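Colleague:
In the working numbering, the protein residues as written are 2 to 194.
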């Protein structure tokens, strides 16, 4: 999956009216947002490397939480597909289908759509814009700031709060078991701003 690609149809993947095609596309969009080194290691038989990697777990959690929350907010509302089909009062499973597709497509910056999310509540728009900024994992072709940098910034923020409370605390921000040099954290912070 080209994570900057476009569909050959104006309606994008909604043209096919197929939940199966959407599910397969969601899977491969999600996988395309994962660090390619992890794919290489997994294909060599090191499947545990996926769950040992903190960035992959964070990426998975972000996608799952965003999907579940957007689906919850959209449940009971009408969903308009990009093919023009209107689904009045969508069930949670229907909302989950469209939310998952939009979340994974946006976090990986793939560019596919199946639903018009403009009429969705402002919460959904805010989450989708945040996901667009976060992007996929480092070492993938997905755009955005990358999940590892966001995770390190969150940990650095926690460290700064601890440092305010306990003055003698030493920097101990770790990523995948390795201590991160404060200079690297400052560079990530500069990149963020």
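Backbone N, C-alpha and C define an ideal beta-carbon position, used for all residues, glycine too.
Computed from a predicted structure; not experimentally measured.
Check whether the region 12-30 and the region 44-52 are in contact - that is, three or more C-beta pairs closer than 8 Å.
Modeller: The region 12-30 is not in contact with the region 44-52.
Colleague: Under the DSSP definition of a beta bridge, which residues are partnered with residue 161?
Modeller: Its beta-bridge partners do not exist; DSSP assigns none.
Colleague: Apart from the five residues on each side of it in sequence, which residues of its chain come closer than 6 Å, Cβ to Cβ, to residue 157?
Modeller: Result list for residue 157: 174 and 186, in chain order.
Colleague: By the three-class DSSP mapping on this structure, what secondary structure does residue 21 have?
Modeller: Helix at residue 21.
Colleague: Suppose you measure from the CA of residue 165 to the CA of residue 153; what does that come to, to the nearest Å?
Modeller: Roughly 18 Å separates the two Cα atoms.
Colleague: Look up residue 174 in the DSSP assignment and say whether it is helix, strand or coil.
Modeller: It is coil, neither helix nor strand.
Colleague: Leaving out the 5 sequence neighbours to the left and right, which residues in its chain are closer than 6 Å to residue 136 when beta-carbon positions are compared?
Modeller: Excluding residues within five positions, the ones whose Cβ falls inside 6 Å are 143, 144, 145, 146 and 147.
Colleague: To which residues does DSSP link residue 87 through a beta bridge?
Modeller: 81, per the DSSP bridge assignment.
Colleague: In the DSSP output, which residue or residues are listed as bridge partners for residue 116?
Modeller: In DSSP, residue 116 forms a bridge with 82.
Colleague: Could you check which residue in 77, 84, 97 and 82 has the C-alpha nearest to that of residue 90?
Modeller: When only C-alpha atoms are compared, the closest one is 77.
Colleague: Which of the three DSSP states is assigned to residue 42 in this structure?
Modeller: The answer is helix: DSSP assigns residue 42 an H, G or I state.
Colleague: Please work out which residues of its chain come closer than 6 Å, Cβ to Cβ, to residue 114, disregarding the five sequence neighbours upstream and downstream, and give them in chain order.
Modeller: Once the five neighbours on either side are set aside, the close Cβ partners of residue 114 are 13 and 83.
Colleague: Which same chain residues, not among the five before or five after residue 87, have their C-beta less than 8 Å away from its C-beta?
Modeller: Here the set comprises 79, 80 and 81.
Colleague: For residue 148, list the residues DSSP reports as bridge partners.
Modeller: Answer is none; residue 148 lacks a bridge partner.
Colleague: Do you know whose CA, among 177, 132, 112 and 151, lies nearest residue 51's CA?
Modeller: Here the closest residue by C-alpha is 177.
Colleague: Along the chain, where does the alpha helix (DSSP H) containing residue 130 start, and where does it finish?
Modeller: Where residue 130 is concerned, the enclosing alpha helix (DSSP H) stretches over 123-135.
Colleague: Going by C-alpha to C-alpha distance, which of 128, 29 and 103 sits closest to residue 112?
Modeller: For residue 112, the nearest C-alpha among the options comes from 103.
Colleague: To which residues of the same chain is residue 1 closer than 6 Å at the C-beta, ignoring the five residues directly before and after it?
Modeller: Residue 1 lies beyond the residue range present for the chain, which begins at 2 and ends at 194; the question has no answer from this structure.
Colleague: Going by DSSP, what residues sit across from residue 270 in a beta bridge?
Modeller: In this structure the chain extends from 2 to 194, so residue 270 is not present and cannot be described.
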